[in-house]
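Counting from 1, one number per residue, gives the positions in the sequence shown under the UniProt record's numbering.
Note that beta-carbon positions come from the ideal geometry of N, C-alpha and C, so glycine has one too.
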Amino acid sequence: MIKFPAVDALKGALIVLVIVGHVAEVVHYDNILFWIGAGFRMPLMFGISGFLLNLERIRQSPLVDIAKQYWKRMILAWLVASCAYAMAVAASLSWATPLDMILRPDFHLWYVPVLAAMILMARTAPPWPLGVAVLSAPIGIGLFYANPFGHGLVGEGVFAWDGRFLAYPLFFFFGGAVARARPTATLHSISGLVAGCGLLGWCFLYQSDNELLKLLTYLAMDLGLIALLPLLARLPIRISPLNAIGQASLFYYLWHPMVIALAIAHGASPLLTLVLTLTALCVMHRLLTNAPLPAQVFGVPQRYSAATKYSPSGGALSPSLDRSAASSASPISATLHRFMPTSARQPTIERT
1 MIKFPAVDAL KGALIVLVIV GHVAEVVHYD NILFWIGAGF RMPLMFGISG FLLNLERIRQ
61 SPLVDIAKQY WKRMILAWLV ASCAYAMAVA ASLSWATPLD MILRPDFHLW YVPVLAAMIL
121 MARTAPPWPL GVAVLSAPIG IGLFYANPFG HGLVGEGVFA WDGRFLAYPL FFFFGGAVAR
181 ARPTATLHSI SGLVAGCGLL GWCFLYQSDN ELLKLLTYLA MDLGLIALLP LLARLPIRIS
241 PLNAIGQASL FYYLWHPMVI ALAIAHGASP LLTLVLTLTA LCVMHRLLTN APLPAQVFGV
301 PQRYSAATKY SPSGGALSPS LDRSAASSAS PISATLHRFM PTSARQPTIE RT
């Protein structure tokens, strides 16, 4: 599969929006613009991951080869980040810590386990992404109705898992179906209309209590945007800073909360925190690019030509935490705790 510069730029823009949104979340700044961004950032990231996935290669390659490939591309970096965040918040370790890290990751660390699970699903499920998307839709829609962003745990006890394992396959496999479809100008027009109507509805429902309408506009906006990816992929768009971030999206995604926490712990304002975070990550990215081993550990891809073949990792995860220690923790630890959704702090949340 050939690299799509416009899709890389979109991934970079989404990562920047994630960072902006997390800064606003940590300082409790509420605004309709952040509501809008929260509505499409992660669904579109999963849609892009499905769109870029080389399904034929995933299905034909031995499982051991796939495991080695993704270990180098994202799992090692996620594991290092998970340990780093656990140490930053003085996590208490137990025999259940590995299960916590995989099934109930805190902060933003849920993305990699969920994406890895979807890649395994793509390998074992029938080779019809649209069919898998349709089959997964009822569960995903039900979870999104219970919580607009899919937070919360499914089940009880030590084997309870993050609801996003079941909520986001809809977008991932729809992206895969879109990549294999034969889009026409008419379909693109319909997709744009659906996405636009969904976006307007999502804006209108800011601070509304109508959960059903929120769900409908959420789905229309995100599925409509994902359906436009083939059109975007053909555009000769290259925005160098965003393309660079998009190509190393996992690195920026994994490490931005740590930089945000450090900046806020030292008294930086929200705007300065945002500037420092982006600047520090860009500098680290630049330094790590030509250092193979550290780059792999931190999730930075090695340099490659724009014309090279691309086997995407999906772009861009948490031990048992001592919640009672949050109030007496360091400023960095206290800031990192703010990234955790309220529902994720509950030991068990049963979904029916």
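The DSSP-derived three-state label of residue 95 is coil. Its chain contains 9 as the residues whose beta carbon lies nearer than 6 Å to that of residue 239, once the 5 sequence neighbours on both sides are disregarded; these appear in chain order. The DSSP assignment places complete alpha helix (DSSP H) segments of no fewer than 4 residues inside the stretch 79–155 at 97–103, 111–124 and 129–146, in order along the chain.
Taking the Cα of residue 117 as reference, the smallest distance to any Cα among 58, 271 and 179 is reached at 58. Beta-bridge partners assigned by DSSP to residue 162: 153. Cβ contact annotation for residue 201 (same chain, cutoff 6 Å, sequence separation greater than five): 217, in chain order. Secondary structure at residue 239: coil, using DSSP grouped into helix, strand and coil. Annotation: residue 228 to residue 192 spans about 7 Å, alpha carbon to alpha carbon. Residue 232 places its beta carbon less than 8 Å from that of residue 6. Distance between residue 190 and residue 140, taken at the CA atoms: about 23 Å. Straight-line spacing of the CA atoms in residue 97 and residue 108 works out to 17 Å. The stretch 172–186 makes contact with the stretch 130–140; the number of CB pairs closer than 8 Å reaches 3 or more. Counting only the Cα atoms, residue 188 lies some 45 Å from residue 86.
Remark: fewer than three beta-carbon pairs, one from each stretch, lie closer than 8 Å, so the stretch 61–68 and the stretch 283–290 are not flagged as touching.
Between residue 41 and residue 14, the C-beta gap is smaller than 8 Å, which places the two residues in contact.
Note on residue 249: 16 or more other CB atoms within 10 angstroms of its CB, so buried under the neighbour-count rule.
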